[in-house]
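Enquirer:
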Ligand code: ADP
Ligand code: ADP
Ligand code: ZN
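Below is the structure:
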């Protein structure tokens with residue numbers, strides 16, 4: 219069992235790395251952002267409620283995301299491990315996660331913080347493109363697809379997320395500093411935190427993360 223958290227600001231590469239770690243270790247990627255976007259797309263009551271927060275770059279209320287994650291963690295495929303990407307994002311979420319993992323007989327083994335220069339985050343997010351079919355991530359200059367606008371993995375169309383616009387990105391970065399950065403201290407105190415310098419080659423970063431996971 220390996221319970222892993224990927225921590226880091228918007229654009230740090232959590233989704234990119236979580237997908238790779240998920241396939242390397244054969245454990246599910248749990249992305250609250252992906253699950254919320256799916257709910258928005260399907261126009262579920264939760265999606266309709268979350269949309270306004272997401273469009274303005276605000277965090278969706280804790281009770282909503284905690285509910286999604288609890289449900290997801292209780293599924294059978296999480297028994298061999300899981301990688302959380304984009305959750306927790308607040309101290310109350312981290313506390314709720316502790317309770318939930320305890321109740322489910324699971325645990326968090328390692329928290330990996332992805333550190334990227336603030337200036338680079340804006341460039342990364344402005345150029346991010348996401349496959350509308352399989353969710354693979356690209357970047358117009360740093361990680362382009364082989365054929366422009368088309369996913370290498372599945373041929374799906376590459377789109378720009380609604381919230382990857384400059385004003386919304388700015389709001390997300392401010393919210394990160396205010397609500398999520400305190401988690402570095404929270405997990406630092408637990409002794410489970412490892413930091414990775416997450417700029418440069420995507421492959422090299424994956425190798426470092428993978429080595430840290432193997433060492434726990
Ligand atoms: P990014 O990877 O760029 O930070 P995500 O895909 O993780 O973005 O999240 C997109 C949006 O979904 C966030 O801006 C926020 O509105 C909402 N969201 C995702 N995860 C959480 C969470 N754990 N708590 C609150 N809101 C969340
Ligand atoms: P997050 O989930 O943390 O918001 P993503 O994985 O979606 O971050 O990455 C944000 C953007 O940065 C994407 O366009 C992605 O292709 C790009 N990216 C990811 N890792 C790197 C890297 N090491 N160097 C340059 N760009 C990267
Ligand atoms: Zn795809």
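Numbering (my numbering), first residue to last: 219 to 434.
Here a beta-carbon is modelled for each residue, glycine too, at the ideal position from N, C-alpha and C.
Are residue 275 and residue 386 close, meaning C-beta to C-beta below 8 Å?
Expert: Result yes, Cβ atoms of residue 275 and residue 386 sit closer than 8 Å.
Enquirer: What does DSSP give as the partner residues of residue 328 in its beta bridges?
Expert: Bridge partners of residue 328: 222.
Enquirer: Quick one: using the 10 Å Cβ neighbour count with 16 as the cut-off for buried, is residue 317 buried or exposed?
Expert: Under this definition residue 317 is an exposed residue.
Enquirer: Under 7 Å: does the beta carbon of residue 354 sit that close to some heavy atom of ligand 3?
Expert: Checking the Cβ of residue 354 against ligand 3 gives yes.
Enquirer: DSSP beta-bridge partners for residue 347?
Expert: According to DSSP, residue 347 bridges with 356.
Enquirer: Counting pairs of Cβ atoms below 8 Å between the region 354-366 and the region 248-259, do you hit three or more?
Expert: Short answer: they don't touch.
Enquirer: Could you check if residue 389 belongs to the surroundings of ligand 2, using beta carbon to heavy atom distance under 7 Å?
Expert: No, Cβ of residue 389 sits at least 7 Å from all heavy atoms of ligand 2.
Enquirer: Assuming residue 418 is part of the beta strand (DSSP E), what are its boundary residues?
Expert: Counting along the chain, residue 418 falls outside any beta strand (DSSP E), and DSSP gives it neither H nor E.
Enquirer: Just tell me which of 379, 265, 403 has its CA closest to the CA of residue 279.
Expert: Residue 279 has its Cα closest to that of 265, out of 379, 265, 403.
Enquirer: For residue 299, which of helix, strand or coil comes out of DSSP?
Expert: DSSP places residue 299 in strand when its eight states are reduced to three.
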